[in-house]
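Undergrad: Those letters in the sequence shown? Residues -20 to -1, 1 to 326, by mature numbering (1 follows the signal peptide of the UniProt record, and there is no 0).
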Amino acid sequence: MEIISSILVILILQLYTVSSSITSVYLQTRVFQEIQTCENDYYHHPISEHQVVSQIDCSRLCTSVEECRQFMFDKQTKLCSLFEAGENCFSAGDIQHKVCYRQKSVCNATKCSRCPVCYYGEQCENIIVDCQDGHDRSVAPINSGRRSFIQPSANGPVIEVLCDFKWRKTMIMRRITLCKEVNFNRTWNEYVMGFGTIHGEYWLGLENVFNILQNFPTTNKLNILLKVGYKPISQSHYRDFDISNDSDNYTVSISGFDNGTTGDSLTNGIYSINGRPFSTYDRDHTSHNCPGRFSGGWWYLDNPICSRANIFGRRSGDTLESTCHWKDNLGLETNFTKINMVLRRW
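(1) In the DSSP assignment, find the unbroken beta strand (DSSP E) run with D220 in it and report its ends.
(2) Between N165 and the rest of its own chain, which residues show a CB-CB distance below 6 Å, the 5 nearest in sequence each way excluded?
(3) Within 10 angstroms of the Cβ of W326, are there 16 or more other Cβ atoms? Answer buried if so, exposed if not.
(4) Would you check if there are 3 or more beta carbon pairs closer than 8 Å linking the segment 183 to 190 to the segment 226 to 234?
(5) Looking at the strands, I want to know which residues DSSP matches up with T260.
(6) Could you give the distance in angstroms between the alpha-carbon of I15 and the alpha-carbon of L158?
(7) Look at the alpha carbon of R82 and the alpha carbon of P212, and state the distance between them as a whole number of angstroms.
(8) Could you check the C-alpha separation between H268 and P284 for me, to the nearest Å?
(9) Short of 7 Å in beta carbon distance, which residues of its chain neighbour Q131, apart from the five on each side in sequence? Order them along the chain.
(10) Rounding to the nearest angstrom, what Cα-Cα distance links L27 and V45 in this structure?
(11) Please report how far the alpha carbon of V32 lies from the alpha carbon of T317, in whole angstroms.
(12) Beta-carbon within less than 6 Å of Y100's beta-carbon, same chain only, minus the 5 sequence neighbours each way: which residues are those?
(13) Between G240 and V208, what straight-line distance do the alpha-carbon atoms span, to the nearest angstrom?
(14) Out of D238, D37, Y230, L7, which has the shortest C-alpha to C-alpha gap to K84?
(15) Identify, in the order they occur along the chain, each residue of the same chain with its Cβ nearer than 7 Å to the Cβ of N309, setting aside the five sequence neighbours on each side.
(16) Compare the Cα-Cα distances from residue 327 to each of T57, T266, P271 and report the closest residue.
(17) If we call anything under 9 Å between Cβ atoms a contact, is I319 one with L205?
(18) Cα separation between R256 and C48?
(19) Rounding to the nearest angstrom, what Cα-Cα distance links P96 and N169 in this structure?
(20) Please name the residue in D113, F12, D220 whose C-alpha comes closest to that of T150.
(21) Looking only at its chain, what residues have a beta carbon closer than 6 Å to the beta carbon of R219, apart from the 5 residues adjacent to it on each side?
(22) Counting C-beta neighbours from all protein chains within 10 Å, is the total for L312 16 or more, i.e. buried, or is it exposed?
(23) In this structure, how does DSSP classify Y251 when only helix, strand and coil are distinguished?
(24) Mapping the DSSP letters down to three states, classify I204 as helix, strand or coil.
(25) Hey, how far is the Cα of S39 from the Cα of F51?
(26) Consult DSSP for Q35 and reduce its assignment to one of helix, strand or coil.
(27) Look at the Cβ atom of K160, then the Cβ atom of E181, and state whether they are nearer than 9 Å.
(28) For E301, which residues of its own chain have a beta-carbon under 6 Å away from its beta-carbon, when the five flanking residues on both sides are left out?
(29) Could you give the first and the last residue of the continuous alpha helix (DSSP H) run that contains K307?
(30) In the DSSP assignment, find the beta strand (DSSP E) that holds Q13 and state where it starts and stops.
(31) Under 9 Å, do R288 and N248 count as touching if we go by C-beta distance?
(32) Taking only runs of the alpha helix (DSSP H) that begin and end inside the segment 48 to 75, which ones reach a length of at least 4 residues, in chain order?
(33) Would you call K55 buried or exposed, if buried means 16 or more other Cβ atoms sit within 10 Å of its Cβ?
(34) Can you tell me which of H30, V172, D116 puts its alpha carbon nearest to the alpha carbon of K263?
(35) Would you mind stating whether V232 and I250 have Cβ atoms separated by less than 9 Å?
(36) Taking R127 as the reference, give the member of W147, T198, F63 with the closest Cα.
Below is the structure:
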């Protein structure tokens, strides 16, 4: 009996040692389930995958690879997947036996040898405010497309976003048919805070977008990117974009349609959304049930047209209004495989 008790104590101590060894360098996060095609997305390819004996071996492997900031380990198959960045992991199929860890700052008493993506400083004490900040400070990864951490407000939360560092773009909204469809018909509070998952479809949140814009006022450009089927990406560019704060219902200021093959569905004549407050189904600033008809929040006009664009709607709604569309130049087209809202300073 004493022998069995001693063995149990040893096993418990070993488990504690392994756990402590991992958590001293890594923070356990979450694993989300996605559809298989989502794993083929550009932003989420692993650096490498290896068969290892244990979870601790997977963590050591990540630590030994300079570019690795995250790993996912399958306790059943013993597959260790290494990633360049990210808070949470995602996987197709069964996620019951999978765990995800992201690396903390690796530091000694005076200096850090490795920081999370786009943290910087001797002790990783600073965080970029947007993706262009990462480019300008030369703390961004070499690859152009990357999941990154940003902190738009000094006292605000650290959030994860998709960045195109090469072109200094911060992606504030993303729709992609390779991944699960996210319902964009959300409450006011959800639109304020943001929703979705960074590995698939998401909206960054009105408050986060507001904070990003306040760091460099009057210099923000909005790009809308739409991809129809296998055709090349179409774009619309607006030179001046801003939104007000919550007390003013995040009213939009938008002008300066620059160019783009998709045409101007946001500031075209009497259909311009400039000066309109944001609306959701539970906080509707229109008299025409626009959020309900369009199945999503937006800066809707207060007239029966509501908007000539719907990029927060459904992939396949019951009506054209509720289905994603962009009427100028694209007409009745609704077969969008990608829709992105991107911020960039000029």
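For each residue, glycine too, the CB sits at the ideal point set by N, CA and C.
For clarity, every value in this text was computed on a predicted model and none was experimentally measured.
TA: According to the data block:
(1) 214 to 223
(2) S275, G276
(3) exposed
(4) yes
(5) R263
(6) 8 Å
(7) 35 Å
(8) 6 Å
(9) I107, V109, V138
(10) Correcting the residue type first, residue 27 is Ile in the shown sequence and not Leu. I27 and V45: Cα-Cα distance of roughly 9 Å.
(11) 37 Å
(12) N106, V119
(13) 15 Å
(14) L7
(15) T241, T242, G243
(16) Residue 327 is absent from the structure shown; the chain starts at -20 and stops at 326.
(17) yes
(18) 44 Å
(19) 29 Å
(20) D113
(21) K201, G236, D238
(22) exposed
(23) helix
(24) strand
(25) 7 Å
(26) helix
(27) yes
(28) R273, F274
(29) 307 to 310
(30) 11 to 14
(31) yes
(32) none
(33) exposed
(34) For clarity, residue 263 is Arg in the given sequence; the question names Lys instead. Checking every option, the nearest Cα to that of R263 belongs to V172.
(35) no
(36) F63
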